[in-house]
Structures are given as C-alpha cells and as structure tokens.
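Chains as they are written, first to last, in my numbering: chain A, 1 to 308; chain B, 1001 to 1271; chain C, 2001 to 2430. Encoded as structure tokens, the structure appears first; notes follow it.
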Amino acid sequence: MTAVQDAPVRAAVPPRQRRRRRGVPPLVWAFLLLPLAVELFWVFWPAMNSFSLSFTSWNGVGAARPVGFENYQRLFTDPIFLTALGNNVIWAIGFGGLSVAGGLALAVALNRPGRGVGLYRSAIYLPMVISLAVTGLFWRVMYQPGGPIDVGLGAIGLGELQQQWLANPDTALYAVLIAAVWRQVGYIMVLYLAGLKGRDPSLEEAAAVDGANAWQRFWKVVMPQLRGVNTVVFAVTVIDSLRTFDIVWAMTRGGPYNTTQLLSTYMYQQGFTLVNLGYGSAIAVVIFLLALAFIITYLVRQARAEEL
Amino acid sequence: MRRSPLFHAVMIPFTLLWLAPIVFVVLVALREFDDIAARGLGAFPASLTLEGFATALAGGKLATALVNSAVVTVCTVVASLALAAIAAYALSRYRIPARRTILLVMLAGNLLPAQILLIPVSRIAQGIGIYDTLFALVVVQVGFGLGFYTFVLHGFMRALPSEVFEAALLDGSGPGRTFFSIVLPLCRPALAALAALATTWVYNDLIWAMTVLQTDTKFPITAALLNLQGGYSNSWNVIAAGSLVAAVPTAIVFFVFQRHFVSGLLVGTGK
Amino acid sequence: MAATELSRRRFLLGAASLGSVPLLASCVGSGVGESGGGQASATITLQSSIQDTAPKAALEEIVAAYTGPGSPVTLNSVATEQFRAQLSTYLSSAEPPDVLTWYAGSVANSYAAEGLLMDLTDLWTGDGACAGFSDALRSLSTSADGKAIFVPTNYYWWSVFYKKSAFQQWGVEPPTTWEEFISLCERLKARGIHPLTNGIGSTAWMSAGWFDYLNLRINGADYHRALLAGQRSFTDPEVVAVLEEYRRLLPYFHPNQFSWDAQQAVTPMVNNEAAMYLVGAFVTQYFPEDQRDDLDFFSVPPINPGVPSAEEAPTDGYFAAAGSDNPEGAKALLNYLASPQAQQEFITKSGSSNLPTSPDVDTSGFSPLVQKGIELLNSTQEITQFFNRDSSDALQTTADAALTRFIADPGDIPAHLRDWQAAAEQVFAS
C-alpha cells in the first residue's frame, strides 16, 4: 500500500515525460487551492480572530479590550475550568473507549450474512439519525425519578439503585456518558464493518492452520488490516469527544452546580450565555490545542510507520 | 459463520433494550398534553392521539424548515465532497510541496470546536453581506467539514493501484480527465459512505444555523424544533412528535446508502 | 524549478502572511464598521423570544393586525436561549431587527450604555403610549444617562400558589404570618404530603426565588438590591440569616426537586401530593385545563415586622435597535404594542396570568386570579424583578451553582457563602 509514487515509473518512462511528471500541472494546483482557500477563509481566518479575541475582554458590542494573558491566567485558577478539564479526560476515556470497544465488538459480531443481522445493524445505528440535542432531551426525561429507567430498575429487582441520576454529582457525568455512547456506537460499528469487509480471509485461514486461536487471529491478523480504519476511528473519536456539547448541554447544562461541565459546555456558557467572549475564546483555544496534540502525535507516528 | 440460536437469544433482547429510548419518544409523541401534565412523563399513555404531530406540523412551521434543511444539506454535501475530492486527488497523487503538512492543516481545521468560530464567522458573514442567507450556512459548513473528508478521501486515493494511473498517462490523459473518468468512479464507495455521514452531520447541525440566520422562515429543522420548546412550558408531546418527523429524512438516507456504507470506506487497508 | 528558489519564495510568502495575520485577526472585535445602517426600508422586523404556544400565537395575531407605518411586520421567533446568545450580534449587525422582545433591567441597560438601543423618550412623553405608566415602570425603562430605552408591556407576579380544593380537602387555610406558614408545613408533612415543591434541575434559577423572597422579607428590598449590585458581600450576616431560614424550609421540599424543571414541579400538585409552590404566575400554563380555575395564591408572609413589604414582578417588553433602518416605523409599532388595546388583546388571547402595564386597560374582564395579582402588586411597597433581571445573567449562574449546592448539602453555610462571594467577585470585576 505504501508504494512511493514514482518508484515504478522511473524505470519505464522516457526522460521527457519524467520531467513533466516532476512539475505539478496548473489544473492540479487549482484542485488544491480552491478548497484550501475556502477552508482558510471560513475556518482559519475566523479561528485567528478567535485566537486574538482570547487576549481580550469583550462582551460582543463595541471594541474589545486587550488584556494580554489575563484570561489564561484566570483559567488555571478557575475551579470550574479545572473540573471541566478533569471531566474531559474522563469523557475521552469513557466515551472514546466505550464507543470504540462497543463499535468494534458489535461490528465483529454482526459481520455475518443474514436478513436478521441486517435488522440488528440498522437498530444499532438508528440512534444516529436522531439529533444530539433531541437525544439529550429525551434521555434527561428518561432519567427522571419515576421515569422509565427507575421503573425498569425496579422491575428487575434493582430497586435500591434508583436515584436522581442527573442531580447527583457522583452519577451525573456517567449517566450522560451512557446516553452519548448509546448514540455513537452505531456510527463506529459502521466504520468498522466497512473496514472488516476489506480484509483478506485467506490470511486468517492460514493463521488458523498454523494453530492460532480466535483471539490471536483477531489481534494479530485482523487488527493490523484495520489500521486505516483505526486511524479514521481515532480521529473521529478524538474530534467527537472534545467537541461533545449538544448532549451534555441538553441533559444537564453542565450541572448540578458545574460538576458535569466539559470544556465545550463551559466555553459555550462563558461565550454565549454570559457573553464573556474573550474568556470563552481562551477556553476554545485550549480545546483546540488539546485536540491538535492528540492528532498530531498519532498521525506523525502513523506517517513514520508508513514510510518504513 | 454459524447461525446459532444463542446469537439471536442474546441479540434480540439487546436490540430491544437498545431501541427502548426511541420507543419512549414515540410513546410520548402519541400522548395528550393534559395526560402528561397530570401523570408525568414516565407514565404509560392513557390514550393515544396524533394531536402532537398535528400541532408540530401546523404551528411549528416544520414543513418549511424541512425544505430548508433539505436544500442546505444537499448543497453542502455535494459541494464539500466535490472540493474534498479534488483536494485529495491533488494531495495524494501529485508531488505537491509540503503535501503532508497541508493535509494535516486541513484536518486541523476540523478539530476546531465550532463554538470558537461562531462569533467571528457571523461578523464576517455580515461584513460580506451574506448574513441571514442559506448560502452563508452552506458555505460555512462546507469550509468546516472539508478537512475531514479530504483526509479520508486522501487515504483512499493513496491506496488506489498505480497501474491505473500509468495506464491513463500512457493514454495521454491529463489530470482532469484522469480525475473524472478514472478516480471518481473508483472512489464511489468512499464517496457514498462520506455522503451518508456528511448528511447526518449537516442535517443535525444547530449552532451554525443559529449563528448565521436571523429570519425564522429560513431556519432548518433543528432550529425550528428548538422553537417548539416553550420558554416556560414544554409541550412534550409536540416536541417528541416534531423530533420524530425531523428524524425521518436522515433515517431514509441511511437506509438508502447503507449498501455503500457497509461495502466501502476502505482507507488504505492493505488491498 | 530549483528547490532553493521555491523555498525562498515560500519563506517570503509565509512571512508576509504571518505578518498580516495580526492585522486581519483583529478585524473582528475592533468595533469598526459594525454599526451603521443601510438605506431606509419600508418594513419592520420584530425579533421575538416568546416561545410559549399561546402567547406566541397571540403576538402573531396582534402583529398581523398592525397597519401603521412599516407594515407588514416580519415576525421572527427564536428560542430564548439562542436569542440571548445572539442578541449582541443582532444589535450590532449592519441591518439589525428593528424591534426586539426582551426584559427590563440590567441587560437592557448594558446595551443602552453601548449606544445600541434607540432612544424611546418620545413614547414616554406627550401622547405616547407609555406616558401614563407608573413611575416604577418609568425608572425601570430608563437607562443610566436618562434616556428611555424600553417599552414594558406586561409583567407577572411571584407568589405561593396552591389549589383551593386541595386546601379544603386537608382542612387548612392560607397562612398570614411566618409562624403559621411553618406550622402549616409541619401539619402537611405529618399527613404525608410534601408541603413545598420546586424544580431546580435544568431550571436551577428557580432556587433563587425563595432566596429572593427570604432576603426581601428578612432584610428588605434596599438591601436586596444593594447585594445584587455588588455593594454588599454574600458573606454578610444578613445573608447568613437568609440561608439559615432557607435551611429551615428544606425538609419541606419534595425530594425530587433536584431532577425537575419548573414545569415538572407541578406534577405532584396536580395529584395533591404536594401543596405549595413559590413561582411566577406563568405556572397556570403548566396545569391541566380543568385545574386552572382551582388555583389561588398567597403572598409570602412577613418574617421581620419592620421590613417594608415587597414583591417580585418581572417585567417583559420591547426595545428597538439604534441601527434600525426604519426608526419611525419601529416607534409606531412600539406605540401600538404598548397601547391599552393591544395589551388587553395579548393578555386575553395568551391566556397566561400576565398583567398589563398600561393603567388604561380594563381589568374587570380578567380572571379573578389576575385581578388578585393586580391588587397584590398595587398594595405592596416595593417591587423587584427577579435575581437575574436585577443583577445580571452572570451573577445568576453563580447563584444557581451556590444555591443548588447549598440545598444539596446545607451543613456549612459560611463555606457556601465564601465560595459564592468569590464567584460573584469575578463577575463584578469583569
């Protein structure tokens, strides 16, 4: 897969064509520059503005007041920010870990022919068609005292677990996490299903002949073939866990008393409910840097592995 | 692949439990407001009615909103995939300087939390005069999603066998024709999968709509649904009904595209 | 194409673009070119955050019937939370909506301070619709520099609501003193009924209702206003007294209040499992239709005898954007909306328990509940709005966190107040 482009060509192509190949045709430059321009204008330019906003204090009207690093200094002594940071770590591990593990497991389990299996796959994916805000709204209702979850627990004899799930700071974040994972698993499952379709069954048969059991076959033979999908899944999971906003906002608004704040909800509260745009932008910059750190280290490692 | 009864014995209750929240939404949508006010949301419906759906469709301007959503979604998905495809083509098959960096930079654009861009984008949109238009909503979402689609298509195109390109070159085909007649058809599975994903993302977007639009007749369905929630009081049955109506198009798109979904998002997986 | 040439070119390009970044980057937030209207237009846009079904429908009808300059009016309804988030964008855009719904108080005044609101003094003088409004309303609608910038059109009151039939069934009467109120709660609790209900889950601001009233009854409206303006500290002994009294009430609340919102808190009252609810008059919309006439209220009884009486009455209305391109039409629309006929129509059609601000509205046709509310507000000595409207949304979030945490864990009051004061200081400093 990792063939360097022009290695096979050099041998066969006459000099005149080789020189033309080294240059990039203008049409191809246009192919690249048009999308790049769109992204630069609509994403990077506003982002630059936000970065510079994070060094100001601004309430949306009039001119922004420059305050240097004050917003960042305030961030690191802000108890709510630190709670949000901690929650984001829990979220990344919990939401990321569970949705990937669940998605992979379901993909492997449901990667078989049969009409019934198609129904199962569709059922698992169905939560994705409902928007996050609506999902959050109705899961909040489900967690109500006397609501379906408490009733269900009572029905199976786990009555003493009943409690006010979203009002208890010890359980609220995990309650929201379950709702978010419920929705995300179908999506990851679909990505892995696609990846599994592309694998080579003869390799597994060979491994089986060599005496590898199912577990070893999976980890040593199948997983390496999923490397490409794993990259996409990793990128998607990191992006989605750091961007999670709608579902937490709809379910708890960051409460009870700020114990389920994530960086994104705190950013929204500061930037839009309270219109502290400078401070909100500073939080957003932190989110971005975290995401960038994850992605870059992983991708650089990937790229280096590819070059070997 | 044994078809064991144990498999179904586990999957059926699992699936039913999985679908329980959705069933709950359906039940709420079919109740009357007074029933909910009197007995709470957790109770089983005392009677079934379609009043929620009627109110949602009539008062919530849902029909217009659905049309707006359709227009924005289709335009955004087509434009983003087109731009992503040409960028991925350029980056994957041509020796563009710093191509890996450019790819990472484009992906990084997708990593930015949307909230960080909201205020600047709304001011920029106002500045160039497209504020409060569906065009602005399309353009913003195209820009925002471009990085990820380019990244995925790039991996896919990198994995295409080079013999195909050599054959095209020997035929005297230029980059444009190679792209349209050879690369695009080969990418169809990945494009279909991305189209289905992109549709879900764009259709379910809320914050961009709220940021660049002001007139409520231009709102897409997600924003219109929000309007169903009262300031002080919620008609839960209307909200549930509206949410179900809004979920129908994405469900349809998923089921239609499913074949391509499951058959292709092969990002360089050693073929 | 030598490699070095390419890299030098790229370097220069890179340096140039990096240099221009700070320039471009500070475009947004520089406050330049963000206001200023286009050419005058013939129509008016009314941006509304009114979401509840009946009031929204009522507003639509009233606006459709307007035929003065600037008609037909385009009415845009936006969800309240999003409206709040976008309000500064709306007001500072080049083509802002002409008229907007909002609340009187601190938020309106802060936009006025930035010069974003149209001067509406015309409507408060001569034969303008607001000329006859009460002095309290006038001062509420005036910004710090003496210009009127707000048009109040309706307000509602807060009180302890209960169901008459339920009280009859239990054989109890509404209390007139604080001791009677506490003993009423005790009696109801002994019978297995939750005396008080509330919804502080996703509507955490409801916890400030009792705080406000206890502060008003124990320390008086002047202290309350000063506290909310940052002139007192939350660690004062006066506030400690408020929270101690609040703690006394906590055992009487329904335990599920942590998970409910303001609307769900009504459910136990519907079933006679809970008795009383300190809430705004909008609560009538939450009850099933057949129970609405059963509702009645009594004012929170006085606690300290020397303290002047006070009630909370949040006021809603409209303001106009300074950048509007049809100021004449905007003022005419505001005049129409504030007129007695329009107010009467809105209140009747919306079916909510709102009170008109115009003294010329014929209130005899309103429900007995509303008339009792009017009397309550007319006979009280002080009127405040509500925590957030008297201070700011930012301070409200500190109250939400502090009060919900206190209610969950009322043990160490000084610690809670210290944290609250620290958070409040952040708000006042910015």
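In this text, a Cβ means the ideal position worked out from N, Cα and C, and glycines have one as well.
(request) Note down, in chain order, each residue of its chain lying with its Cβ closer than 7 Å to the Cβ of residue 1068 (chain B), except the 5 sequence neighbours on either side. (result) 1134, 1218, 1219, 1220
(request) Report buried or exposed for residue 1149 (chain B), applying the criterion of at least 16 other Cβ atoms within 10 angstroms of its Cβ. (result) buried
(request) State the Cα-Cα distance for the pair residue 2117 (chain C) and residue 2090 (chain C), rounded to the nearest angstrom. (result) 11 Å
(request) Return helix, strand or coil for residue 186 (chain A), following the three-state DSSP convention. (result) helix
(request) May I ask you to report which of helix, strand or coil DSSP gives residue 2383 (chain C)? (result) strand
(message) Considering only their Cβ atoms, is the gap separating residue 2192 (chain C) from residue 2257 (chain C) smaller than 8 Å?
(response) no
(request) Using 10 angstroms around the beta-carbon of residue 82 (chain A), count the other beta-carbons present and answer buried if the total reaches 16, otherwise exposed. (result) exposed
(request) Answer with yes or no whether the minimum CB distance from residue 1089 (chain B) to chain A is below 8 Å. (result) yes
(request) Would you kindly work out how many angstroms separate the C-alpha atoms of residue 126 (chain A) and residue 109 (chain A), rounded to a whole number? (result) 17 Å
(message) If I follow the unbroken beta strand (DSSP E) through residue 2073 (chain C), where does it start and stop?
(response) 2073–2077
(message) Under DSSP, the alpha helix (DSSP H) around residue 141 (chain A) begins and ends at which residues?
(response) 132–142
(request) Evaluate residue 1010 (chain B) with the Cβ neighbour count: other Cβ atoms within 10 Å of its Cβ, from every protein chain shown; 16 or more gives buried, anything less gives exposed. (result) exposed
(request) For residue 1237 (chain B), decide whether its Cβ has a neighbour in chain C, counting only Cβ atoms nearer than 8 Å. (result) no
(message) Between the alpha carbons of residue 68 (chain A) and residue 1104 (chain B), how many angstroms are there, rounded?
(response) 29 Å
(request) Could you run through the region 2392–2404 of chain C and flag, in chain order, every residue whose CB is less than 8 Å away from some CB of chain F? (result) This model lacks chain F altogether; the protein chains it does include are A, B and C.
(request) Could you name each continuous alpha helix (DSSP H) segment of 4 residues or more that falls completely within the region 2189–2250 of chain C, going from the start of the chain to the end? (result) 2207–2218, 2221–2228, 2237–2249
(message) Just list the residues that DSSP pairs residue 2163 (chain C) with in beta bridges.
(response) C:2295
(request) Pick helix, strand or coil for residue 44 (chain A), following the three-state DSSP scheme. (result) helix
(request) Please confirm if the region 1046–1059 of chain B is in contact with the region 1204–1213 of chain B, defined as three or more CB-CB distances below 8 Å between the two stretches. (result) no
(message) In the DSSP assignment, the alpha helix (DSSP H) including residue 2276 (chain C) goes from what residue to what residue?
(response) Per DSSP, residue 2276 (chain C) belongs to no alpha helix (DSSP H); it is in the beta strand (DSSP E), 2274–2280.
(request) Report the neighbours of residue 176 (chain A) on chain C: residues whose CB is nearer than 8 Å to its CB, in chain order. (result) Under the 8 Å cutoff, chain C gives no residues; its nearest Cβ is about 13 Å from residue 176 (chain A).
(request) Count the other CB atoms, across all protein chains shown, that sit within 10 Å of the CB of residue 1128 (chain B); report buried if there are 16 or more and exposed otherwise. (result) exposed
(message) Let me see if you follow: with CB-CB separation under 8 Å, is residue 2289 (chain C) close to chain B or not?
(response) yes
(request) Go to residue 2152 (chain C), then tell me how far its alpha helix (DSSP H) extends in each direction, as first and last residue. (result) Segment 2151–2155 is the beta strand (DSSP E) holding residue 2152 (chain C); no alpha helix (DSSP H) there.
(message) Can you tell me whether residue 2361 (chain C) is helix, strand or coil according to DSSP?
(response) coil
(message) Just checking: is the beta-carbon of residue 1047 (chain B) within a distance shorter than 8 Å of some beta-carbon in chain C?
(response) no
(message) Quick check: is the beta carbon of residue 162 (chain A) nearer than 8 Å to any beta carbon in chain C?
(response) no
(message) Tell me the residue span of the alpha helix (DSSP H) that contains residue 249 (chain A).
(response) 246–252
(request) State yes or no: is the C-beta of residue 1194 (chain B) within less than 8 Å of the C-beta of residue 1152 (chain B)? (result) yes
(request) Under 9 Å between beta-carbons, which chain C residues line up against residue 273 (chain A)? List them in chain order, please. (result) 2081, 2084, 2085, 2393, 2394, 2397
(request) Return the chain-ordered list of same chain residues with a C-beta closer than 7 Å to the C-beta of residue 2403 (chain C), the five sequence neighbours on each side being excluded. (result) 2207, 2208, 2211
(request) Could you work out which residues of chain B lie near residue 44 (chain A), taking near to mean beta carbons separated by less than 7 Å? (result) 1109
(message) Would residue 2046 (chain C) and residue 2234 (chain C) qualify as a contact pair, given that the criterion is a beta-carbon distance under 8 Å?
(response) no
(message) Counting only beta-carbon separations shorter than 8 Å, does residue 257 (chain A) have a partner in chain C?
(response) yes
(request) Take every Cβ of the region 217–228 of chain A, pair it with every Cβ of the region 28–48 of chain A, and state whether three or more of those distances are shorter than 8 Å. (result) no
(message) Whole angstroms are fine: how far does the CA of residue 1095 (chain B) sit from the CA of residue 132 (chain A)?
(response) 41 Å
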